Amino acid sequence: MNVIEAQGLVRRFGAVTALDGFDLTVPSGRIVGLIGPNGSGKTTALRAILGLSRLDAGTLRVADCDPWRDRPQLMQNVAYIPDTGILPRWMRVRDLIDYAEGVHPTFDRSRTERLLSKTSVDASRTIAGLSKGMQVQLHLSLILAINAKLLVLDEPTLGLDVLYREQFYEALLGDFIEGDRSILVTTHEVREIEHVLTDVVFIRKGKSVLAEFVDTIREHYLKLTTDAGTNVPGGYLSRRTSLSGVEYLYRDASRAQLQGLGDVGVPELVELFIAYMQSAAATGNEQNTEAQHA
Numbered sequence: 003m004n005v006i007e008a009q010g011l012v013r014r015f016g017a018v019t020a021l022d023g024f025d026l027t028v029p030s031g032r033i034v035g036l037i038g039p040n041g042s043g044k045t046t047a048l049r050a051i052l053g054l055s056r057l058d059a060g061t062l063r064v065a066d067c068d069p070w071r072d073r074p075q076l077m078q079n080v081a082y083i084p085d086t087g088i089l090p091r092w093m094r095v096r097d098l099i100d101y102a103e104g105v106h107p108t109f110d111r112s113r114t115e116r117l118l119s120k121t122s123v124d125a126s127r128t129i130a131g132l133s134k135g136m137q138v139q140l141h142l143s144l145i146l147a148i149n150a151k152l153l154v155l156d157e158p159t160l161g162l163d164v165l166y167r168e169q170f171y172e173a174l175l176g177d178f179i180e181g182d183r184s185i186l187v188t189t190h191e192v193r194e195i196e197h198v199l200t201d202v203v204f205i206r207k208g209k210s211v212l213a214e215f216v217d218t219i220r221e222h223y224l225k226l227t228t229d230a231g232t233n234v235p236g237g238y239l240s241r242r243t244s245l246s247g248v249e250y251l252y253r254d255a256s257r258a259q260l261q262g263l264g265d266v267g268v269p270e271l272v273e274l275f276i277a278y279m280q281s282a283a284a285t286g287n288e289q290n291t292e293a294q295h296a
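In our numbering, the protein residues as written are 3 to 296.
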């Protein structure tokens, strides 16, 4: 079962097309990274998924709902943490927990209190008195207690230091992913989330340019590092010069053919991201070049 099914999404703002035939599939029980540069359409896609924005074209189902028409039903099964703090700054932590318990039918107060006991968040303090890292920990503790089928994260660790980022993802993996729950996370910081993803979608100018299981990247992609004068096979995705030599990225190339020309390995996700973004920019090819979720 897929918790998100989006096909051919189009969203225009005057002369600007923010989504231009965008496709996205999020299967149950997966952690999907929607990765793209600033202005690529990530936030517009999230707003449509959350029922906050109409679409001009395309079909979209989220948790078996039409997000725009069935938003009250949708929000019983979907939780959201944005890139900016939205918790009421004047409210005390304990009062916010009381409020969440009163308005959300599936809220598990004991779970929030258990999660907060692992942090430095003081329930007697106001939200304004918490650091940004503590506010994110509080927000996550509330969200994890709702028992949603889908958690949507929009640059969730923006502005946090390395320690808080690590704690955030540790809590996320330890307390949310179980059964058929899914996570959709958007970011342009590829290295930060690579280790938690099961699937990745690259978006550029409102189009998906790659959709791939993270595990199959090792099967499909190779990086050759060699000397500048080496005669290499054509058909590479990208070429760049590094301190180690010249690096070439290939898809579905023969390892045996590349071995002997230099060092052959698997590229990092960030290297693949840069290659696809630069390739799309150079060729003007904004087609949906990959759809590997079969």
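Yeah, the Cβ is synthetic: ideal placement off N, Cα and C, and Gly gets one too.
Small disclaimer: the values here were computed from a predicted structure and weren't measured.
query	result
Look up R220 in the DSSP assignment and say whether it is helix, strand or coil.	helix
Helix, strand or coil for Y238, going by three-state DSSP, please let me know.	coil
In three-state DSSP terms, what is V123?	coil
Assign S122 to one of two classes, buried (16 or more other C-beta atoms within 10 Å of its C-beta) or exposed (fewer than that).	exposed
Counting C-beta neighbours from all protein chains within 10 Å, is the total for R13 16 or more, i.e. buried, or is it exposed?	buried
Please confirm if the segment 37-57 is in contact with the segment 228-239, defined as three or more CB-CB distances below 8 Å between the two stretches.	no
As an exercise, report each continuous alpha helix (DSSP H) stretch of at least 4 residues that is fully enclosed by the segment 125-180, in chain order.	134-146, 164-177
Any idea what DSSP makes of R257, helix, strand or coil?	helix
Rounded to the nearest angstrom, what separates T232 and A255 at their Cα positions?	17 Å
Exposed or buried, F15, counting other C-beta atoms within 10 Å across all chains shown (16 or more means buried)?	exposed
With distances taken from CA atoms, which of G43, S133, D201 is nearest D163?	S133
What residues are listed by DSSP as bridge partners for Q101?	Per the sequence presented here, residue 101 reads as Tyr, with Gln not at that position. In the DSSP output, where bridge partners are listed per residue, Y101 has none listed.
Between the Cα of Q2 and those of M279, L226, E270, E273, spot the shortest distance and give me the residue it belongs to.	No answer is possible for residue 2: it lies beyond the span of the chain, which begins at 3 and ends at 296.
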